[in-house]
Amino acid sequence: MAVSTDCQRAGLGTQLLVAAMEVASEERVATLDLTVSQKNVSAVAFYTSLGFRVVGDVPDMFGPDRSRLRMRRSIEGFGRAALGA
Ligand SMILES: CC(C)(COP(=O)(O)OP(=O)(O)OC[C@H]1O[C@@H](n2cnc3c(N)ncnc32)[C@H](O)[C@@H]1OP(=O)(O)O)[C@@H](O)C(=O)NCCC(=O)NCCS
Numbered sequence: 240m241a242v243s244t245d246c247q248r249a250g251l252g253t254q255l256l257v258a259a260m261e262v263a264s265e266e267r268v269a270t271l272d273l274t275v276s277q278k279n280v281s282a283v284a285f286y287t288s289l290g291f292r293v294v295g296d297v298p299d300m301f302g303p304d305r306s307r308l309r310m311r312r313s314i315e316g317f318g319r320a321a322l323g324a
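Residue numbers (the working numbering): 240 to 324.
Next up, the structure:
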């Protein structure tokens with residue numbers, strides 16, 4: 240996912256991901272996984288702020304030396320109240 244550079248840090252990414260988690264929860268998805276480059280400090284901070292935690296890495300996902308962090312969040316019983324959003 241991405242938010243236009245001039246609109247970042249205004250809560251739009253949070254709104255998008257919260258909406259996606261709500262839809263997934265309604266569809267009875269229990270857990271969400273994502274991958275992100277460990278070099279992408281701002282994205283890791285963003286996902287962490289939404290309750291995702293690093294659970295491992297995916298070696299060479301996009302080729303040699305291009306591994307990714309795997310992050311995971313339970314969304315069982317997820318709702319806006321759960322995040323205070
Ligand atoms: C990652 C991304 C989608 C976040 O979108 P956003 O709309 O800027 O995020 P939000 O404003 O909802 O940020 C929510 C929280 O995430 C964290 N966060 C977001 N950007 C951050 C940054 N650059 N540095 C540190 N923390 C950050 C903060 O905790 C922030 O809360 P705060 O602003 O109250 O401190 C956006 O930075 C982006 O599009 N990046 C480029 C594309 C990309 O790397 N996507 C991820 C690919 S896996």
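Just so you know, even glycine gets a beta-carbon here, dropped at the ideal spot from N, CA and C.
Inter-residue spacing [alpha-carbon to alpha-carbon] between residue i and residue j
i    : j    : result
G252 : D245 : 13 Å
R312 : M260 : 10 Å
L255 : S276 : 20 Å
G316 : S264 : 7 Å
A282 : E266 : 26 Å
Y286 : V268 : 18 Å
F291 : V280 : 14 Å
One or two residues paired with residue i in a DSSP bridge
i    : result
V309 : In the sequence on display, residue 309 carries Arg and not Val. DSSP output for R309 lists T274 and G295 as bridge partner(s).
Contact check, residue i vs residue j, beta carbons under 8 Å
i    : j    : result
G318 : R309 : no
T274 : M300 : yes
Buried versus exposed call for residue i [16 or more other C-beta atoms within 10 Å across all chains shown]
i    : result
R307 : buried
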